[in-house]
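For reference, the structure is listed below as structure tokens.
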Amino acid sequence: TRELGMLRAVGMSRRQVKRMVRYEAVITAVIGAVSGLIVGVIFAFLIGIPLSGDGFNLSYPIGTLILILILTAVAGVIAAIYPARKAAKLDVLEAVSYE
17 TRELGMLRAV
27 GMSRRQVKRM
37 VRYEAVITAV
47 IGAVSGLIVG
57 VIFAFLIGIP
67 LSGDGFNLSY
77 PIGTLILILI
87 LTAVAGVIAA
97 IYPARKAAKL
107 DVLEAVSYE
């Protein structure tokens with residue numbers, strides 16, 4: 017809250033604050049999705065090694081993985097709508113003095 021109040025105090029517009037909060041949410045969501053996909057693929061590969069002798073074939077559905085990344089970015093935007101609006105409506109003096 018205080019950080020956003022300081023940014024508004026030094027001249028950032030409400031629109032810029034909204035955009036910044038949205039971008040931060042999307043970036044965080046995408047980084048989490050990419051990290052999760054990488055860890056998931058690695059674990060699936062490691063679990064698949066001992067099962068390969070039993071006829072277990074591991075496949076990587078690239079289309080599904082890309083769809084998950086896109087949906088994660090969309091979820092980040094949707095999750096950021098309320099906080100972005102709230103941040104844009106902050107009173108500068110109240111936000112700066114908030115402790």
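Heads up, this note's numbering is the position in the sequence shown plus 16, with the first residue counted as 1.
Just so it is clear, CB atoms sit at the ideal spot from N, CA and C, and this is done for glycine as well.
Cβ pair residue i, residue j closer than 9 Å
i	j	result
Leu20	Val37	yes
Ala89	Val46	yes
Assumed close pair residue i, residue j - CB separation to whole angstroms, cut-off 8 Å
i	j	result
Thr44	Gly92	7 Å
Ala41	Ala96	3 Å
Val112	Arg18	6 Å
Close-in-space but distant-in-sequence residues of the same chain around residue i (CB under 8 Å, 5 per side omitted)
i	result
Ser2	Within the shown structure, residues of the chain are numbered from 17 to 115, placing residue 2 beyond reach of any answer.
Arg24	Arg30, Val33, Leu106, Val108 and Ala111
Cβ neighbours of residue i in the same chain (closer than 7 Å, five flanking residues each side left out)
i	result
Leu74	Ala60, Phe61 and Gly64
Leu87	none
**Asked** Is the segment 94 to 106 in contact with the segment 25 to 41, if contact means three or more CB pairs nearer than 8 Å?
**Response** yes
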